[in-house]
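A short write-up of the structure that comes next.
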Amino acid sequence: MTPARRHRERIAAIVAAADPKLVVSSAEGGRTPLVPVARTPAMNHLERTAAAAIVAAPENSTSAESRVAAQIVLRLTHDLRRLKEIRSIDRKIDAKREMLPEYEAWVNAVIEADAGVGAGTAADVVPTYMVWLIDTGAFMAALDLVPFLLRHKVDMPKRYERDVPTIVVELIADAALKAQNAGECFVLDVLSRANDLTADLDIHDQVRAKLLKAIGIEQLRIAEDMDAADSAVGLETTLATLREAQRLNDRIGVRDRIKRADKLLAAVNAAAAPTDTSGTPAA
Numbered sequence: 043m044t045p046a047r048r049h050r051e052r053i054a055a056i057v058a059a060a061d062p063k064l065v066v067s068s069a070e071g072g073r074t075p076l077v078p079v080a081r082t083p084a085m086n087h088l089e090r091t092a093a094a095a096i097v098a099a100p101e102n103s104t105s106a107e108s109r110v111a112a113q114i115v116l117r118l119t120h121d122l123r124r125l126k127e128i129r130s131i132d133r134k135i136d137a138k139r140e141m142l143p144e145y146e147a148w149v150n151a152v153i154e155a156d157a158g159v160g161a162g163t164a165a166d167v168v169p170t171y172m173v174w175l176i177d178t179g180a181f182m183a184a185l186d187l188v189p190f191l192l193r194h195k196v197d198m199p200k201r202y203e204r205d206v207p208t209i210v211v212e213l214i215a216d217a218a219l220k221a222q223n224a225g226e227c228f229v230l231d232v233l234s235r236a237n238d239l240t241a242d243l244d245i246h247d248q249v250r251a252k253l254l255k256a257i258g259i260e261q262l263r264i265a266e267d268m269d270a271a272d273s274a275v276g277l278e279t280t281l282a283t284l285r286e287a288q289r290l291n292d293r294i295g296v297r298d299r300i301k302r303a304d305k306l307l308a309a310v311n312a313a314a315a316p317t318d319t320s321g322t323p324a325a
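Remember, the working numbering sits 42 above the position in the sequence shown when you count from 1.
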């Protein structure tokens, strides 16, 4: 039996023998809801210590540390079941926002240990946490986790059906395009960072094109707000971004913006052209 399998079975056994108050029969799937409690420094310290030990050296972890890990697994299982029962997208997001603090200490410790995410259901905590951060609009906090997940080749839970770079790019691009279609701005630094973190990775062209479209829209918005004399570089960058999105997906829907940026750049260049003493453009 491999160490990973022994670890999974040990965690499963602990979950099965967990505090009876957490698994008593009820009308809600046979389990009572886990009532959120105020986080204390002691709780955070206990979870940080347990996470670091379980991930870095599971075979040497103590029973107390394993019990904490089992509680995290139990909470994630319960929270996923709760989310599945919620129909409204807005209510799901609100629920995730409430759930996130319950995993923060564990996730921070796993990141600090820098030894991977462990095995079994416990391994799903960090990638799930990252997705929930994106879903709740905490984009930069989510992107802070990406280098760790990529470095340790962490798999996304099977329910997501995509790998880490694909889901990061697609979820952030979708959030940006949704805001932009509603006439709102989206933070360009978030989009640029998502692109930079995944630039050298193999992602479907259609997914990358969505992110580049969102980036190009914000670049065009910024260039249009600049003084004409200062906007040439921004417009050139915009055109490069939008044309790459168009190359990757001919149906991405950026043709009109390319035409607009081209027209603006031509006007800016014409206005900046040198003139002779008679006031006509120089040859």
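By construction, the Cβ of each residue, glycine as well, lies at the ideal position given by its N, Cα and C atoms.
By alpha-carbon distance to residue 261, the top candidate from 247, 229, 249, 288 is 229.
At the C-beta level, residue 199 and residue 170 come within 8 Å of one another.
Taking 8 Å as the cut-off, the beta carbon of residue 270 is found closer than this to the beta carbon of residue 313.
Close CB contacts of residue 250 within its chain, under the 6 Å cut and outside five residues either way in sequence, are with 290 (chain order). Taking every protein chain shown into account, the CB of residue 273 has 16 or more other CB atoms within 10 angstroms, so this residue is buried. In the DSSP annotation of this structure, residue 291 is not part of any alpha helix (DSSP H), being labelled neither H nor E. For residue 171, the uninterrupted alpha helix (DSSP H) run begins and ends at 167-177, by DSSP. Burial is judged here by how many other beta carbons sit within 10 angstroms of a residue's own beta carbon; residue 140 has fewer than 16 and is exposed.
In this structure, the beta-carbon distance from residue 168 to residue 188 does not fall below 8 Å. One alpha carbon belongs to residue 146, the other to residue 258, and they sit about 34 Å apart. For residue 296, there is no enclosing alpha helix (DSSP H), as DSSP gives it neither H nor E.
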